[in-house]
Amino acid sequence: MIKWSVRCILWGVVLMTSLSLAQEENTSTLSRVILRNIGHQFLLEIGDSTSRILPITQKDKSYVLSFDQEFAFDPEQLYTKVHEVMYTYNVLQNFIVDVISCDSNLIVYSFRASINSNEAILNCKERPLPKGCYQIVFTATEGWTPPAFTKEQAPEKGQKEASNYLWILLLFPLLGFLWWKFKKREKVEEALVLGLYKFDLKRMKLFYKDEVIELSSLEADLLHLFIQHKNETLKREFILNEVWEDEGNYVGRTLDVFISKLRKKLEKDETLKIVSVRGVGYKFVN
Numbered sequence: 023m024i025k026w027s028v029r030c031i032l033w034g035v036v037l038m039t040s041l042s043l044a045q046e047e048n049t050s051t052l053s054r055v056i057l058r059n060i061g062h063q064f065l066l067e068i069g070d071s072t073s074r075i076l077p078i079t080q081k082d083k084s085y086v087l088s089f090d091q092e093f094a095f096d097p098e099q100l101y102t103k104v105h106e107v108m109y110t111y112n113v114l115q116n117f118i119v120d121v122i123s124c125d126s127n128l129i130v131y132s133f134r135a136s137i138n139s140n141e142a143i144l145n146c147k148e149r150p151l152p153k154g155c156y157q158i159v160f161t162a163t164e165g166w167t168p169p170a171f172t173k174e175q176a177p178e179k180g181q182k183e184a185s186n187y188l189w190i191l192l193l194f195p196l197l198g199f200l201w202w203k204f205k206k207r208e209k210v211e212e213a214l215v216l217g218l219y220k221f222d223l224k225r226m227k228l229f230y231k232d233e234v235i236e237l238s239s240l241e242a243d244l245l246h247l248f249i250q251h252k253n254e255t256l257k258r259e260f261i262l263n264e265v266w267e268d269e270g271n272y273v274g275r276t277l278d279v280f281i282s283k284l285r286k287k288l289e290k291d292e293t294l295k296i297v298s299v300r301g302v303g304y305k306f307v308n
């Protein structure tokens, strides 16, 4: 089993090398999705659910997000939504985000975006920008070569389909090998009863009736911490130290983002609540 999987993986590496162009084009498609999602989430954050996001354009080595309506916003709103989407898609690259006035073509606000807390920089977060026409420009920092976003560089349908099939050929043996290793080591443990849910910390899963809800590593650790201290008010500093420790990947409102995700996954049981304690932290009520 192992030898067979290794051989398949090696063949997959050869296929990956021969299809580097197709892979880059697929990355371009994913990048467009990520940037448009940033624009969508940002508009929702400022209360706009109707304005259109215009096609993404390339300007030198930067990529421009434009809108068909004017708007006003607080810098922290844009900063927060950019990082939420970065966490959602696990974007490891860093980039500079500039807000440019359409009228003056001048940069009116900018920040450095990174899921690494040591590299993210937010300035002037309490200085709202007035209503106007703005463009959001994303420029990659060293270590990332951004893909092209123009229509002319979009992949042909046949190329994308061929690339997808070859990725499947690579992925199946790899997943088979990982599944075999996982099943070999897996030990059945009794899940913790949590209201109407069952919580399996080791496998990072929540069970609700016949539904299986996947948790990320940080979500599982955060929920486990709340269970250990249920009905207690936990300070933000304590939570960050226990869950994030010294991983160096905490930035901005990361904790608030993960609290929001946990609340959504626990919403089927109204007796389970994560309550915000203003100025202090959070309390898990069960």
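Numbering-wise (this note's numbering), the sequence shown opens with residue 23 and increments by one. Ideal Cβ placement from N, Cα and C applies to all residues, glycine included.
Residue range of the unbroken alpha helix (DSSP H) whose run includes residue i
{"i": "Pro97", "result": "Pro97 to Tyr111"}
{"i": "Val279", "result": "Thr276 to Lys287"}
{"i": "Ile249", "result": "Ser239 to Gln250"}
Buried or exposed by the 16-neighbour rule on C-beta atoms within 10 Å, applied to residue i
{"i": "Gly301", "result": "exposed"}
{"i": "Pro97", "result": "buried"}
{"i": "Phe194", "result": "exposed"}
{"i": "Glu259", "result": "exposed"}
{"i": "Leu200", "result": "exposed"}
{"i": "Glu289", "result": "exposed"}
{"i": "Asp90", "result": "exposed"}
{"i": "Gly61", "result": "buried"}
{"i": "Ile129", "result": "exposed"}
Local conformation of residue i per DSSP, three classes
{"i": "Asp70", "result": "coil"}
{"i": "Ser132", "result": "strand"}
{"i": "Leu197", "result": "helix"}
{"i": "Lys222", "result": "For the sequence presented, residue 222 should be read as Asp rather than Lys. Of the three classes helix, strand and coil, the one that applies to Asp222 here is strand, per DSSP."}
{"i": "Ala213", "result": "coil"}
{"i": "Leu76", "result": "coil"}
{"i": "Ser84", "result": "strand"}
{"i": "Lys290", "result": "coil"}
{"i": "Leu114", "result": "coil"}
{"i": "Gln157", "result": "strand"}
{"i": "Ile235", "result": "strand"}
Minimum C-alpha distance to residue i - residue among the options
{"i": "Ile137", "options": "Thr110, Ile129 and Ile158", "result": "Thr110"}
{"i": "Ser53", "options": "Val121, Ala162 and Gly154", "result": "Ala162"}
{"i": "Ser126", "options": "Ser132, Glu106, Gly154 and Met108", "result": "Gly154"}
{"i": "Tyr156", "options": "Ile129, Ser132, Ser123 and Ala135", "result": "Ser123"}
{"i": "Val121", "options": "Phe95, Glu106 and Gly69", "result": "Phe95"}
{"i": "Asn59", "options": "Asp70, Gln99 and Val104", "result": "Val104"}
{"i": "Leu76", "options": "Arg134, Ser88 and Leu66", "result": "Ser88"}
Residue i, enclosing beta strand (DSSP E) - first and last residue
{"i": "Val121", "result": "Phe117 to Ser123"}
{"i": "Leu262", "result": "Where Leu262 is concerned, there is no enclosing beta strand (DSSP E), although the alpha helix (DSSP H) it sits in stretches over Arg258 to Val265."}
{"i": "Gly303", "result": "Gly303 to Val307"}
{"i": "Ser298", "result": "Lys295 to Val299"}
{"i": "Lys153", "result": "Leu151 to Gly154"}
{"i": "Phe229", "result": "Lys227 to Tyr230"}
inquiry  = For the region 251 to 262 against the region 68 to 86, do three or more pairs of beta-carbon atoms, one drawn from each stretch, fall closer than 8 Å, so that the two count as touching?
reply    = no
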